[in-house]
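A.B. asks: Taken in order, these protein sequences are the chains called A and B. Sequential numbering from 41 applies to the first sequence in the numbering used here. Sequential numbering from 676 applies to the second sequence in the numbering used here. Before anything else, here's the structure in question.
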Amino acid sequence: MKTKKILAKGIEAIALGALEAGCKCYFGYPITPQNEIPELMARELPKRGGVFLQAESELAAINMVLGACATGIRAMTSSSSPGISLMCEAFSYIAALELPAVVVNVMRGGPGLGGIEASQGDYFQAVKGSGHGDFHFMVLAPYNAQEAYEFTAKAFEFAEKYRNPVMILSDAILGQMKEPLVLKKLRIKKYNKNNWALTGAKNRPSRFIRSLFLSSQELKGKNLKLAKKYKKMEKDIIYESLVNDEDKVIVVAFGSIARIAKDACLNLRKKGYPVGFFRPITLFPFPVKPIQELIKNAKNSLKFVVPELNCGQMVEDVKLAVNGKASVIPLPYPPSVIPFPEELEKEIKKCLSSLSSRKA
Amino acid sequence: MKIELIISGFGGQGVLFAGNLIVLSAMREGYQVTYLPVYGPEMRGGTCNCTVIISENEIASPLISKPSFLIIMNYPSFVKFVPTLKKGGTAIINSDLVKPENIENLDTLKKKHKLYFVPVTSLAESLNTPLLANLCVVGAFYEITKIFNKKNFKKALKEMLGNTKAHLFEPNLKAFELGANYIKNNYK
Chain A
41 MKTKKILAKG
51 IEAIALGALE
61 AGCKCYFGYP
71 ITPQNEIPEL
81 MARELPKRGG
91 VFLQAESELA
101 AINMVLGACA
111 TGIRAMTSSS
121 SPGISLMCEA
131 FSYIAALELP
141 AVVVNVMRGG
151 PGLGGIEASQ
161 GDYFQAVKGS
171 GHGDFHFMVL
181 APYNAQEAYE
191 FTAKAFEFAE
201 KYRNPVMILS
211 DAILGQMKEP
221 LVLKKLRIKK
231 YNKNNWALTG
241 AKNRPSRFIR
251 SLFLSSQELK
261 GKNLKLAKKY
271 KKMEKDIIYE
281 SLVNDEDKVI
291 VVAFGSIARI
301 AKDACLNLRK
311 KGYPVGFFRP
321 ITLFPFPVKP
331 IQELIKNAKN
341 SLKFVVPELN
351 CGQMVEDVKL
361 AVNGKASVIP
371 LPYPPSVIPF
381 PEELEKEIKK
391 CLSSLSSRKA
Chain B
676 MKIELIISGF
686 GGQGVLFAGN
696 LIVLSAMREG
706 YQVTYLPVYG
716 PEMRGGTCNC
726 TVIISENEIA
736 SPLISKPSFL
746 IIMNYPSFVK
756 FVPTLKKGGT
766 AIINSDLVKP
776 ENIENLDTLK
786 KKHKLYFVPV
796 TSLAESLNTP
806 LLANLCVVGA
816 FYEITKIFNK
826 KNFKKALKEM
836 LGNTKAHLFE
846 PNLKAFELGA
856 NYIKNNYK
């Protein structure tokens, strides 16, 4: 098997992953810090018989993705926080139409235009509120270039498997930093689309897809169907766990800050502190059961410490997962104050020695 | 083995290119690497830096608070980063823009760290390629650390220049050799 090792930015890895999965259409509108994705797609897609189109706005771009996905073709868009907000209306329609779209959000600071530095301020938006109505993205959060490549490719498979939009949640640090990337061949499963895709009604009865359900029974059914689908997604929960049963503190982090947290945890472990590290990779569905398993297996009462590049968002999902059976301590770092591993180490040590633990 | 390197200078001095080149050469040598540029509204003439980590093991955090190696291309970078250098760390300093005689606590610094003063700006100018001061400094870095071999460096340089700038390979290599030789002749 031929593999090639290159030095790539995180966002280039995302684009390469999409190409590896056979993405045929890219529609987007420029915004820092994700412009290398459209740059690479503009160069590569036409060569592969695909379409690259820079739309007149984010709204146009995401609706083009909607249209392309409705025909069963693999299509994607990418943007950064303010651009993603503009797309939210269409996300809701895509979810209602059950289209397998892939959306990349390379998060920057917010709210408003914010700044262009790394942030994880869009966690809530990604997992809970990316549009009106009762729907969810499946959300994947890679934390290095290799994962960005592999999970973006995998996103196309998940999108088709569940007929649901999938979001890749990255940020400015992961996007802009360069790392080795092994371009290996990936096996991305294809799912049958013949029973729903709009491909022209030649030799078959015509069909259409819609998101308007005026009959209340029908609308209820639609919502229940979606809810069932989200439940089913829990089979594909992905996470990384470096936890021993003797650990007293478990640090839970995702994306770029997970790298810093991992360094801090491994350093503390080397010094003999009972500290574990847990990284959710699917943010929706959230790895609730794995966290509950950790509590069940723990020999001590546990404290969960949740550092984030925001004022405390994922910590709420950790609290829901923990369900009162351990204490949960937020470590918020709003944009532009990204901590060094040593600082985080100090904070984690403080949590270890503080008396705030409580038994359920 | 782990090198935690910060390269800092004016925008336009090729700081990011140098970082990229070092990282790619080290990757071709088989090391784990990360390269993180400062990411803001940077501009020519403003300050600019990048963080490079080269390690035998997996690298988690791409950020470091205390570098073990510094490449300092201008005075503002000297003021900002030298106090963060690890004890026993190494620094290559552009002596054209940071004159050793103007450094107040030079003796204490020399006791704590290993300092190499290299006039990279004038070295590059001596080749009539003032923009290649960055390659001189990469040459100096190579000669001091020998973290990658010359073959891998050349491969990396070719890869970075691509087809459109392939004609710049020779001048770049010359500047690299000049920087390496300066260390050989003055510090070894």
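We put the beta carbon where it would ideally sit given N, CA and C, even for glycine.
Is the distance from the Cβ of isoleucine 682 of chain B to the Cβ of valine 690 of chain B below 7 Å?
C.D. replies: Result yes, Cβ atoms of isoleucine 682 of chain B and valine 690 of chain B sit closer than 7 Å.
A.B. asks: State yes or no: is the beta carbon of aspartate 287 of chain A nearer than 7 Å to at least one beta carbon in chain B?
C.D. replies: So, not an interface residue.
A.B. asks: Taking Cβ positions, are valine 813 of chain B and valine 795 of chain B nearer each other than 7 Å?
C.D. replies: Against a cut-off of 7 Å, the Cβ pair of valine 795 of chain B and valine 813 of chain B comes out as no contact.
A.B. asks: Proline 375 of chain A and glycine 149 of chain A: beta carbons closer than 7 Å?
C.D. replies: Yes, Cβ-Cβ distance for proline 375 of chain A and glycine 149 of chain A is below 7 Å.
A.B. asks: For glycine 225 of chain A, count neighbouring C-beta atoms within 10 Å of its own C-beta (all shown protein chains included) and say buried if the count is 16 or more, exposed if not.
C.D. replies: Note that residue 225 of chain A corresponds to lysine in the displayed sequence, not to glycine. Exposed: under 16 other Cβ atoms inside 10 Å.
A.B. asks: Given a threshold of 16 other Cβ atoms within 10 Å of its Cβ, counted over all protein chains shown, does glycine 857 of chain B qualify as buried or as exposed?
C.D. replies: Here residue 857 of chain B is tyrosine; the residue named in the question, glycine, does not match the sequence. So tyrosine 857 of chain B counts as buried.
A.B. asks: Just to make sure I have the definition right: I need the residues of chain A whose C-beta is within less than 7 Å of the C-beta of serine 736 of chain B. Which are they?
C.D. replies: Residues of chain A passing the Cβ test: Arg299, Ile300, Asp303, Pro381.
A.B. asks: Between tyrosine 750 of chain B and chain A, is the shortest Cβ-Cβ distance under 7 Å, so that the two count as touching?
C.D. replies: Judged by the 7 Å Cβ criterion, tyrosine 750 of chain B is not in contact with chain A.
A.B. asks: Identify the contact partners of methionine 147 of chain A in chain D, using a Cβ-Cβ distance below 9 Å as the criterion.
C.D. replies: Note that chain D does not occur in the displayed structure, where the protein chains are A and B.
A.B. asks: To the nearest angstrom, how far is it from the Cα of glutamate 139 of chain A to the Cα of alanine 181 of chain A?
C.D. replies: For the record, residue 139 of chain A in the displayed sequence is leucine; it is not glutamate. For leucine 139 of chain A and alanine 181 of chain A, the distance between alpha carbons rounds to 21 Å.
A.B. asks: I'd like to check one pair, valine 105 of chain A with alanine 158 of chain A: are the Cβ atoms closer than 7 Å?
C.D. replies: Their beta carbons are not under 7 Å apart, which means alanine 158 of chain A does not touch valine 105 of chain A by this criterion.
A.B. asks: Around the Cβ of glutamine 165 of chain A, are there at least 16 other Cβ atoms within 10 angstroms (buried) or fewer (exposed)?
C.D. replies: Buried.
A.B. asks: Using 7 Å as the limit for Cβ to Cβ distance, is methionine 116 of chain A near chain B?
C.D. replies: Chain B contact via Cβ: absent.
A.B. asks: Where lysine 288 of chain A and glycine 352 of chain A are concerned, what is the direct C-alpha to C-alpha distance, given to the nearest angstrom?
C.D. replies: Computed Cα separation, rounded: 22 Å.
A.B. asks: Can you give me the C-alpha to C-alpha distance between lysine 275 of chain A and cysteine 723 of chain B, rounded to a whole angstrom?
C.D. replies: Roughly 46 Å separates the two Cα atoms.
A.B. asks: Look at the alpha carbon of asparagine 184 of chain A and the alpha carbon of alanine 241 of chain A, and state the distance between them as a whole number of angstroms.
C.D. replies: So the two alpha carbons sit approximately 44 Å from each other.
A.B. asks: Going by CA-CA distance only, name the one from B:Glu733, B:Gly721, B:His788 that's closest to aspartate 303 of chain A.
C.D. replies: With distances taken between Cα atoms, aspartate 303 of chain A lies closest to B:Glu733.
A.B. asks: Can you give me the Cβ contacts of glutamate 60 of chain A inside the same chain, cut-off strictly under 6 Å, excluding the 5 residues immediately before and after it?
C.D. replies: Hits under 6 Å: Ala193, Leu226.
A.B. asks: Taking a Cβ distance cut-off of 9 Å, strictly less, list which residues of the segment 217 to 234 of chain A are near chain B, in chain order.
C.D. replies: The residues in question are Met217, Lys218, Glu219, Pro220.
A.B. asks: Who does serine 281 of chain A pair with in a DSSP beta bridge?
C.D. replies: According to DSSP, which records beta bridges pairwise, serine 281 of chain A is partnered with A:Phe318.
A.B. asks: How about alanine 701 of chain B and phenylalanine 816 of chain B: do their beta carbons lie closer than 7 Å?
C.D. replies: No, the pair does not count as a contact, with Cβ atoms beyond the cut-off.
A.B. asks: Please classify alanine 267 of chain A as buried or exposed, where buried requires at least 16 other C-beta atoms within 10 Å of its C-beta.
C.D. replies: Answer is exposed; the Cβ neighbour count stays below 16.
A.B. asks: If the cut-off is 9 Å on Cβ atoms, which residues from the segment 308 to 329 of chain A count as contacting chain B, listed in chain order?
C.D. replies: Result list empty, no residue passes.
A.B. asks: Say whether chain B places a C-beta atom closer than 7 Å to the C-beta of lysine 389 of chain A.
C.D. replies: So, not an interface residue.
A.B. asks: Please list the partners that valine 708 of chain B has in chain A, where partner means a Cβ-to-Cβ separation under 9 Å.
C.D. replies: Ordered by position in chain A, the residues that pass the 9 Å Cβ test against valine 708 of chain B are Leu47, Lys218, Glu219, Pro220.
A.B. asks: In the segment 190 to 215 of chain A, which residues sit with their C-beta less than 8 Å from some C-beta in chain B, listed in chain order?
C.D. replies: Within the segment 190 to 215 of chain A, the residues whose Cβ lies closer than 8 Å to some Cβ of chain B are Ala212, Ile213, listed in chain order.
A.B. asks: Any Cβ of chain A within less than 7 Å of the Cβ of leucine 711 of chain B?
C.D. replies: Cβ-Cβ to chain A under 7 Å: yes for leucine 711 of chain B.
A.B. asks: Which one or two residues does DSSP pair with alanine 158 of chain A in a beta bridge?
C.D. replies: Answer is A:Arg148, bridged to alanine 158 of chain A.
A.B. asks: Output yes or no for whether 7 Å exceeds the beta carbon distance between methionine 127 of chain A and isoleucine 102 of chain A.
C.D. replies: A contact, by the Cβ cut-off of 7 Å.
A.B. asks: List the endpoints of the continuous alpha helix (DSSP H) containing leucine 360 of chain A.
C.D. replies: Note, leucine 360 of chain A: alpha helix (DSSP H), 354 to 362.
A.B. asks: Would phenylalanine 326 of chain A pass as a contact of valine 292 of chain A if the rule is Cβ separation under 7 Å?
C.D. replies: Contact: no.
A.B. asks: Identify, in the order they occur along the chain, each residue of the same chain with its Cβ nearer than 6 Å to the Cβ of proline 330 of chain A, setting aside the five sequence neighbours on each side.
C.D. replies: The residues are Tyr279.
A.B. asks: When you compare the segment 67 to 79 of chain A with the segment 207 to 217 of chain A, are there three or more beta-carbon pairs, one atom per stretch, that lie closer than 8 Å?
C.D. replies: Contact between the segment 67 to 79 of chain A and the segment 207 to 217 of chain A is present, because at least three Cβ pairs lie under 8 Å.
A.B. asks: Can you tell me whether DSSP reads leucine 836 of chain B as helix, strand or coil?
C.D. replies: Three-state DSSP puts leucine 836 of chain B in a helix.
A.B. asks: Short of 7 Å Cβ to Cβ, which residues in the segment 97 to 110 of chain A face chain B?
C.D. replies: For the segment 97 to 110 of chain A, which is checked against every Cβ of chain B, not one residue is closer than 7 Å.
A.B. asks: Roughly how many angstroms separate the alpha carbons of proline 320 of chain A and alanine 855 of chain B, rounded to a whole number?
C.D. replies: For proline 320 of chain A and alanine 855 of chain B, the distance between alpha carbons rounds to 46 Å.
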